Amino acid sequence: MSITFFRRLSGIVSRLILGVSLWFTAPAAFAAYGLNFQKPVTPIGHKLLELHNLILIICVVIFVIVFGFMFYSIFAHRKSRGHKAAQFHENTTLEVVWTVIPFVILVSMALPSTATLIEMDDTSKSDLTVKITGYQWKWKYDYPDHDFGYFSSLSTPRDQIENKATKGEHYLLQVDNPIVLPVGKKVRLLVTANDVIHSWWVPQLGTKKDAIPGFINEIWTRIDEPGIYRGQCAELCGKDHGYMPIVVTAVSAEDFTKWVAAQKDKAAADSAGGAKTWSKDDLMEKGKKVYATTCAACHGANGEGVGPFPKMIGSKIANGPLADHMNIVMHGKAGTAMQAFAAQLSDTDLAAVVTFERNGFGNKAGDTVQPSQVKALRK
Amino acid sequence: MAENQIDRKQRQRIHLTAGVLFLLVALMFVSAAFLRFSA
Amino acid sequence: MATAHHADHPTGLSRWLFTTNHKDIGTLYLVFAFTMAVIGGLMSLVIRAELWQPGLQLVDPHFFNQMTTVHALVMIFGFAMPGFVGLANWQIPMMIGAPDMALPRMNNWSFWILPFAATLLILGLFMPGGGPSAGWTLYPPLSAQGGIGTDFTLLSIHLLGMSSILGSINIIATILNMRAPGMTLMKMPMFVWTWLITAFLLIAAMPVLAGAVTMLITDRHFGTSFFDAAGGGDPVLWQHVFWFFGHPEVYILVLPAFGVFSQIIPTFARKQLFGYDSMVYATASIAFLSFIVWAHHMYTVGMPMAGELFFMYATMLIAVPTGVKVFNWISTMWRGSMTFETPMLWAIGGVFTFTIGGLSGLMLAITPVDFQYHDTYFVVAHFHYVIFGASVFGLFAAVYYWMPKWTGHMYNETLGKWHFWLTMLGFTLTFFPQHFLGLAGMPRRIPDYALQFTEFNQWSTVGAFMTIAAQFIFFYLAIKCMKGGERATDKVWEAADGLEWTLSSPPPYHSFTVAPKFK
Numbered sequence: 034m035s036i037t038f039f040r041r042l043s044g045i046v047s048r049l050i051l052g053v054s055l056w057f058t059a060p061a062a063f064a065a066y067g068l069n070f071q072k073p074v075t076p077i078g079h080k081l082l083e084l085h086n087l088i089l090i091i092c093v094v095i096f097v098i099v100f101g102f103m104f105y106s107i108f109a110h111r112k113s114r115g116h117k118a119a120q121f122h123e124n125t126t127l128e129v130v131w132t133v134i135p136f137v138i139l140v141s142m143a144l145p146s147t148a149t150l151i152e153m154d155d156t157s158k159s160d161l162t163v164k165i166t167g168y169q170w171k172w173k174y175d176y177p178d179h180d181f182g183y184f185s186s187l188s189t190p191r192d193q194i195e196n197k198a199t200k201g202e203h204y205l206l207q208v209d210n211p212i213v214l215p216v217g218k219k220v221r222l223l224v225t226a227n228d229v230i231h232s233w234w235v236p237q238l239g240t241k242k243d244a245i246p247g248f249i250n251e252i253w254t255r256i257d258e259p260g261i262y263r264g265q266c267a268e269l270c271g272k273d274h275g276y277m278p279i280v281v282t283a284v285s286a287e288d289f290t291k292w293v294a295a296q297k298d299k300a301a302a303d304s305a306g307g308a309k310t311w312s313k314d315d316l317m318e319k320g321k322k323v324y325a326t327t328c329a330a331c332h333g334a335n336g337e338g339v340g341p342f343p344k345m346i347g348s349k350i351a352n353g354p355l356a357d358h359m360n361i362v363m364h365g366k367a368g369t370a371m372q373a374f375a376a377q378l379s380d381t382d383l384a385a386v387v388t389f390e391r392n393g394f395g396n397k398a399g400d401t402v403q404p405s406q407v408k409a410l411r412k
Numbered sequence: 222m223a224e225n226q227i228d229r230k231q232r233q234r235i236h237l238t239a240g241v242l243f244l245l246v247a248l249m250f251v252s253a254a255f256l257r258f259s260a
Numbered sequence: 037m038a039t040a041h042h043a044d045h046p047t048g049l050s051r052w053l054f055t056t057n058h059k060d061i062g063t064l065y066l067v068f069a070f071t072m073a074v075i076g077g078l079m080s081l082v083i084r085a086e087l088w089q090p091g092l093q094l095v096d097p098h099f100f101n102q103m104t105t106v107h108a109l110v111m112i113f114g115f116a117m118p119g120f121v122g123l124a125n126w127q128i129p130m131m132i133g134a135p136d137m138a139l140p141r142m143n144n145w146s147f148w149i150l151p152f153a154a155t156l157l158i159l160g161l162f163m164p165g166g167g168p169s170a171g172w173t174l175y176p177p178l179s180a181q182g183g184i185g186t187d188f189t190l191l192s193i194h195l196l197g198m199s200s201i202l203g204s205i206n207i208i209a210t211i212l213n214m215r216a217p218g219m220t221l222m223k224m225p226m227f228v229w230t231w232l233i234t235a236f237l238l239i240a241a242m243p244v245l246a247g248a249v250t251m252l253i254t255d256r257h258f259g260t261s262f263f264d265a266a267g268g269g270d271p272v273l274w275q276h277v278f279w280f281f282g283h284p285e286v287y288i289l290v291l292p293a294f295g296v297f298s299q300i301i302p303t304f305a306r307k308q309l310f311g312y313d314s315m316v317y318a319t320a321s322i323a324f325l326s327f328i329v330w331a332h333h334m335y336t337v338g339m340p341m342a343g344e345l346f347f348m349y350a351t352m353l354i355a356v357p358t359g360v361k362v363f364n365w366i367s368t369m370w371r372g373s374m375t376f377e378t379p380m381l382w383a384i385g386g387v388f389t390f391t392i393g394g395l396s397g398l399m400l401a402i403t404p405v406d407f408q409y410h411d412t413y414f415v416v417a418h419f420h421y422v423i424f425g426a427s428v429f430g431l432f433a434a435v436y437y438w439m440p441k442w443t444g445h446m447y448n449e450t451l452g453k454w455h456f457w458l459t460m461l462g463f464t465l466t467f468f469p470q471h472f473l474g475l476a477g478m479p480r481r482i483p484d485y486a487l488q489f490t491e492f493n494q495w496s497t498v499g500a501f502m503t504i505a506a507q508f509i510f511f512y513l514a515i516k517c518m519k520g521g522e523r524a525t526d527k528v529w530e531a532a533d534g535l536e537w538t539l540s541s542p543p544p545y546h547s548f549t550v551a552p553k554f555k
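Residue numbers (this note's numbering), protein chains in the order written: chain A, 34 to 412; chain B, 222 to 260; chain C, 37 to 555.
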């Protein structure tokens, strides 16, 4: 190997490194052909992008050097070019060098990685706590500091999924009730699940944590700028694993305070609604909405059932004794995917959805259920 | 065919090897119950 | 010595059912493996066809999950592992100068368990509720929700495990006790070394999987709560036990392929393998390290930081002996006198694709950034580069390399080259874009995706169909070669070296009935 060879090689390598680093730091140039992480909006997110780029560049350099040698050899050391085989088969110095140098490179990668991990691990001194619970197949966000919570479900219309309507810009990445967080504050997120393992992931925040039933995981984030950030469930959790996205709406601290106040008012109104007597029409209207977000995934948008999950149309339970119907909705059915919705739905929601099931889909049970009846059943 | 037949000593060694490995298998099966690394 | 008069070379169905001959059993394993590859390949086409565009076009999400689950189980347990055991059966006795495996009757049983195991696995798909759909990793509580199809799979896994364990005991007993006089351990061919080490990995790891699967069965049916928090258990316990098996398992898939590369590259470079001793030590180091890195599959479960750091460091460390092996292969090529027949193309291609997968593996090893890669298509790209890239390319390399020896005929070299290049192109088109999909934020195991992931998914789908189409060339070529073709010499390849090349092509049904002289 001559001096010219090495000079040429290092020229190629340095030009490649420059090109590659420019390429990866200009993600805006690649719209739909996203080649790198989405734009980070938290300090940790930025650190992760830098760490990723560093490691990627090291890997690319190693690749270029190693395969530079290999492809050169394939070109030059071939029988058809008349090259005769040398007969060496060991070289202790070389072997020591190429054991030690990779080791040193690894240490240099491990140091910044360790520092970043330590920083990510520190959830102390947070300004706000939010509890995130994964369900099959939606998320629940509770604000224990402020005593309210709500579900967040996919809001992409079924038509779009079934290719009957054009898909919107945020297809599969839109929800009815996003999680709302203040910018500039350290937010502690408690992550758990109700049924199977899910995982809460928002790429731009740089946070991913598994949501495990019976256990609570803790992460933290501090969002730099207001905006809407989208993510998805990142652990296979059943048939609609691909249909339970996460949307974070980050707002200024003042807007957050206003939003919290409005949510608390709404929660109060909901429980007040539980005390009054509802008309059948009102129950049916509310029930229809609850059914669509909570029951349709398994029982079908039109009550036709899905796969192994039973139909609403002509259902023995929906047309049978009210007590049995209330029981299965509130307490679920052991050994099946039918969950206990008593904990998930309010008295009003339960009353409405059962009324809807008993009087919709061609069912003729006739009865209406009042929120106060549900409340009585809870004791 | 006879010259490279396995003799008694080789047979015993083969069975000893197989026996030890079976024990290792049983040990690993049981170890699954004791594997702990608290989350 | 008079030759025996019994069925010296039996024929017909009973030959294949009752054979104790390592060559016949090797053939059975290989035919089984490539049949399973077809089934697994078809499942991958269902997956990629659905992922051609956003929206649900062809299958419902529950069936899609069954496809991803069973595709992986079939490819890992039905194709890759039996394929390499087939190679071990054919080659190890011939390479060490032994007349057969140490325990020939157990060898027969090890194989014949497999068709039953495979039937159970596939049958699960037709049961009420469908087949297993929790991913091949079967994480509870989701896997506890599955119907009887899941139970079929769990029993199938027990059978598959038994087959592997018995096969490994046989391989170790053979290698340790039946080498020709003069063949010390440090003079064995590398393929034999890598299989010896792989067999130990199998014996240590498969029973642990059996234990985990048993606990899942009892949780599902016999009232235990190993993995159910409500009963005092822990879903993460499954992950620890499964991956304690799972990580050595991936080295089980790859080490025999490394052995194949170490046989082929010296032959076609006309130069001895560089650094034989360090290749042995590196393989042993990789095997040892493979037992202490399992939790890098679980960085997001919420382990204590000290644990995460330990697993990060240990995982990064595996890069060192792995790098040594890659450097040694390239040094074998360096200043050799190379020709590029089909086996050499597969071997070099395998080293190339494996190294790319190894580098993405290094990225995945790093815990904080893994939080962004975990459970995305970046992981899918990584493991296909290492498993398809090393194991499958290694299987093809081995078949092309040794098929002339087994059949006595040369395969069609032009078709072989076409098979290689079309597979290489199709494979790259299928899996390289998936790195970008993962970085851009696409999770894995989803049947439908957000619009910004469309273009790379389409490239990937085109690539998948191309790759599968290329395999028709292989099946045509292989069958043609078994039936006839240019006569193969004993040595087949100009610079082939090893005891198997001293036998005729094809070798006698019973070879090395007299122990060979080995220097």
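Think of the CB as a built atom: it goes at the ideal place given N, C-alpha and C, for glycine as much as any other residue. This structure is a prediction, so every number in the text was calculated from the model and none was measured.
Consider the Cβ of F374 of chain A: report whether some Cβ of chain C lies at a distance smaller than 8 Å. So, not an interface residue.
For A73 of chain C, the nearest candidate out of C:I83, C:G114, C:Y287, C:F54 (CA to CA): C:G114
Quick one: does L244 of chain B have its CB under 8 Å from some CB of chain C? no
Nearest neighbour of A384 of chain A, chosen from A:A301, A:N360, A:G275 [CA to CA]: A:N360
Taking contact to mean at least 3 C-beta pairs separated by less than 8 Å, is the segment 63-71 of chain C in contact with the segment 105-125 of chain C? Yes, the segment 63-71 of chain C is in contact with the segment 105-125 of chain C.
is_contact[A119 of chain A, chain C] using C-beta, thresh 8 Å: Against chain C, the CB of A119 of chain A has a partner CB under 8 Å away; the residue lies at that interface.
List, in order along the chain, the chain C residues whose C-beta lies closer than 8 Å to that of R111 of chain A? S373, M374, T375, F376
Contacts around K272 of chain A, its chain only, beta-carbon distance under 6 Å, and the 5 residues preceding and following it disregarded: none
If the cut is a Cβ gap below 7 Å, which residues of chain F does N143 of chain C touch? Absence of chain F from the displayed structure is noted, the protein chains being A, B and C.
Using a Cβ-Cβ cutoff of less than 8 Å, which residues in the same chain neighbour F280 of chain C once the five nearest sequence positions on both sides are dropped? A241, V244, F327, W330
For the beta strand (DSSP E) that contains K171 of chain A, what are its first and last residues? Its beta strand (DSSP E) spans residues 171-176.
Does the beta carbon of N125 of chain C sit closer than 8 Å to a beta carbon anywhere in chain B? no
G167 of chain C - partner residues in DSSP beta bridges: Beta-bridge pairing by DSSP links G167 of chain C to no other residue.
Is C328 of chain A helix, strand or coil by DSSP? helix
Can you grab the Cα-Cα spacing for the pair L196 of chain C / N335 of chain A, in whole Å? 44 Å
Does the Cβ of G122 of chain C have 16 or more other Cβ atoms within 10 Å, making it buried, or fewer, making it exposed? buried
Measuring CB to CB, does H410 of chain C end up less than 8 Å from K241 of chain A? With a cutoff of 8 Å on beta-carbon distance, H410 of chain C and K241 of chain A are scored as near each other.
Can you name, in chain order, every residue of its own chain whose Cβ lies under 8 Å from the Cβ of P177 of chain C, other than the five neighbours on each side? F263, D264, P271
For Y349 of chain C, return the contacting residues in chain A, with the cut-off set at a CB-CB distance below 8 Å. A143
Starting from H257 of chain C, trace the alpha helix (DSSP H) both ways and give me its first and last residue. 226-257
If the cut is a Cβ gap below 8 Å, which residues of chain A does L306 of chain C touch? Note that residue 306 of chain C corresponds to Arg in the displayed sequence, not to Leu. The answer, in chain order, is K112, A118.
Proximity test, Cβ basis, 8 Å: R234 of chain B and chain C: For R234 of chain B, the answer is yes, since a Cβ of chain C falls inside 8 Å of its Cβ.
For the 8 Å Cβ check, are there 3 or more pairs between the segment 427-434 of chain C and the segment 378-388 of chain C? yes
Taking the alpha-carbon of R51 of chain C as reference, which of C:F100, C:N144, C:G372 has the nearest alpha-carbon? C:N144
When you compare only the Cα positions, how much space is there between G393 of chain C and L289 of chain C? 14 Å
Use the C-beta contact count for T155 of chain C: other C-beta atoms within 10 angstroms, 16 or more gives buried, fewer gives exposed. exposed
Assuming contact is defined by CB atoms lying nearer than 8 Å, are M15 of chain A and F389 of chain A in contact in what I supplied? The question about residue 15 of chain A has no answer here: the residues shown for chain A are numbered 34 through 412.
Under 8 Å between the Cβ atoms of Y176 of chain A and G167 of chain A? no
Compile a chain-ordered list of the residues in the segment 226-256 of chain C whose CB is closer than 7 Å to at least one CB of chain B. I239, A240, P243, V244, A246, G247, A248
If I follow the unbroken alpha helix (DSSP H) through F181 of chain A, where does it start and stop? Element bounds for F181 of chain A: not the alpha helix (DSSP H) but the beta strand (DSSP E), 181-185.
For V235 of chain A and L398 of chain C, the rounded distance between their alpha carbons: 23 Å
Check this for me: beta carbons of L222 of chain A and V130 of chain A, under 8 Å apart or not? Not closer than 8 Å, so no.
Buried or exposed for L550 of chain C, going by 16 or more other Cβ atoms inside 10 Å? The identity of residue 550 of chain C in the sequence shown is Val, whereas the question assumes Leu. Exposed, by the Cβ-count rule.
Could you name the residues of the same chain whose beta carbon sits closer than 7 Å to that of T368 of chain C, not counting the 5 residues immediately before and after it, in chain order? I301, P302, A305, K307, L309, F310
Cβ of L535 of chain C within 8 Å of any chain B Cβ: Not an interface residue.
At a CB-CB cut-off below 7 Å, which residues of chain A make contact with M163 of chain C? Within 7 Å Cβ-Cβ: nothing; M163 of chain C doesn't reach chain A, min ~11 Å.
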